[in-house]
Amino acid sequence: MKTDIQSLQDYFESWYSINQTSREEVNLVMDMYHNRQWSREQVWELEGRGQPKETFNIIKSLTRTLVGYYSTVVNKAQVEPTTYNDITKATMLNDIMKKEYDRTDFDIVDDDIKTYG
Numbered sequence: 055m056k057t058d059i060q061s062l063q064d065y066f067e068s069w070y071s072i073n074q075t076s077r078e079e080v081n082l083v084m085d086m087y088h089n090r091q092w093s094r095e096q097v098w099e100l101e102g103r104g105q106p107k108e109t110f111n112i113i114k115s116l117t118r119t120l121v122g123y124y125s126t127v128v129n130k131a132q133v134e135p136t137t138y139n140d141i142t143k144a145t146m147l148n149d150i151m152k153k154e155y156d157r158t159d160f161d162i163v164d165d166d167i168k169t170y171g
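Quick note on the numbering used here: the sequence shown kicks off at 55 and runs consecutively.
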């Protein structure tokens with residue numbers, strides 16, 4: 055099957071329209087995450103009553119919970135010997151793993167990346 059520009063454009067446009075609601079939902083969630091769910095009139099009304107615009111934000115709460123969980127996840131392996139005879143093998147395997155971690159220079163994911171993508 056030969057692919058031409060027109061068929062690729064049609065394919066893109068069809069998937070773009072199919073996923074429109076998903077993109078709108080992502081924008082809504084991001085607005086709620088940053089407390090941008092208030093209209094200008096609602097903000098004026100809140101300010102007129104002396105209420106803060108910042109409200110309890112369930113999305114931020116869940117995000118902080120997940121970031122806390124991911125921060126506690128162990129990202130390093132360690133071999134423990136089960137018997138006295140396994141000490142040398144465990145030490146050797148730990149050295150091999152450390153060397154491999156150093157060689158690959160594995161990036162650590164920061165909390166900002168977890169929160170903001």
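Note that beta-carbon positions come from the ideal geometry of N, C-alpha and C, so glycine has one too. Source: prediction; values computed, not measured.
Closest in alpha carbon position to Q105, among Q60, W92, D140 and L116, is W92. Comparing alpha-carbon positions, the option among Y138, T137, K114 and V133 lying closest to M151 turns out to be V133. For V97, the closest of K107, N89 and Q60 by C-alpha to C-alpha distance is K107. Y155 and T142 have their C-alpha atoms spaced approximately 20 Å apart.
At a Cβ-Cβ threshold of 8 Å, K114 and Y70 do not count as neighbours. Of the candidates P135, N139 and T158, P135 places its Cα closest to the Cα of N148. In the three-state reduction of the DSSP assignment, T137 falls in the coil class, being assigned neither a helical nor a strand state.
With distances taken between CA atoms, K153 lies nearest to A131 out of R103, A131 and Y138.
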